[in-house]
Amino acid sequence: MDPCFQLHLLHVLKCAIDLGIPYALHPHGHPMTLPELAAALSVPPSKAAFLSRLMAVLAQTGFVSQRKSAAKNDQEQLGLTYILTPVSQAIWKGEPGGLSPMVSFILDPIIQGPLHCLGE
């Protein structure tokens, strides 16, 4: 994996942890659509497009599973649904050995600040 993408992935994971995505998906028990997830996370509709991009990266890396949903009736459109994968248990705070505290620590501004001065 490209080192630049690895750093990007850490930021995506931190954002997912800070938003509470794994904690919103876990108790739900079945795949959630993007509007359901946005409502559970209290994300304003104006920022739903950003949540969609974040979920696409999480799905691409295997932290969530992205599936097409079936329409329940003629008025409902097909959409994407998201559900946790076994890999996503790695970022679950309640799991022993979860990565959530480590990701938050590594990307903490107090830890990152001195690294920006290394080239001086």
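So the sequence shown is numbered by the numbering used here: it starts at 158 and just counts up by one. Ideal Cβ placement from N, Cα and C applies to all residues, glycine included.
(1) Go through its chain and collect everything with a Cβ distance to LEU264's Cβ below 8 Å, but skip five positions before and after it.
(2) Can you tell me which residues form a DSSP beta bridge with PHE225?
(3) Exposed or buried, ALA260, counting other C-beta atoms within 10 Å across all chains shown (16 or more means buried)?
(4) Is the CB-CB distance between VAL221 and THR190 below 8 Å?
(5) To the nearest angstrom, how far is it from the Cα of LEU211 to the Cα of CYS274?
(6) Note the first and the last residue of the continuous alpha helix (DSSP H) segment covering GLN269.
(7) Heavy atom of the ligand PLP less than 7 Å from the Cβ of ILE267, yes or no?
(8) I need the straight-line Cα distance from SER209 to THR218, nearest angstrom please.
(9) Residues in its own chain within less than 7 Å of PHE262 by CB, not counting five upstream and five downstream?
(10) Using 10 angstroms around the beta-carbon of ALA206, count the other beta-carbons present and answer buried if the total reaches 16, otherwise exposed.
(11) Give the DSSP bridge partners of THR190, in chain order.
On the basis of the coordinates in this document:
(1) Numbered from 1 along the sequence shown, position 107 holds the residue referred to as residue 264. LEU167, HIS168 and LYS171.
(2) As a first step, residue 225 must be located in the sequence shown, where it is residue number 68. First, the amino acid is wrong: residue 225 is Lys here, not Phe. LEU237.
(3) Here residue 260 is taken as the residue at index 103 of the sequence shown, counted from 1. The sequence as given places Val at residue 260; Ala does not occur at that position. VAL260 is buried by the Cβ-count criterion.
(4) The residue given as residue 221 occupies position 64 in the sequence shown. The residue given as residue 190 occupies position 33 in the sequence shown. No; because the gap between Cβ atoms is not below 8 Å, this pair is not in contact.
(5) Here residue 211 is taken as the residue at index 54 of the sequence shown, counted from 1. Here residue 274 is taken as the residue at index 117 of the sequence shown, counted from 1. Going by C-alpha positions, LEU211 is about 29 Å away from CYS274.
(6) Looking up residue 269 in the sequence shown gives position 112. Taken as a continuous stretch (DSSP letters only), the alpha helix (DSSP H) holding GLN269 covers 266 to 272.
(7) The model depicted lacks the ligand PLP and carries no ligand whatsoever.
(8) Residue 209 sits at position 52 when you count from the first residue of the sequence shown. Residue 218 sits at position 61 when you count from the first residue of the sequence shown. One C-alpha to the other measures close to 14 Å.
(9) Indexing the sequence shown from 1 puts residue 262 at position 105. Hits under 7 Å: ILE268.
(10) Locating residue 206 in the sequence shown gives position 49, where the first residue counts as 1. Flag for ALA206 reads exposed.
(11) Taking the sequence shown and counting its residues from 1, the one referred to as residue 190 is at position 33. Answer is THR238, bridged to THR190.
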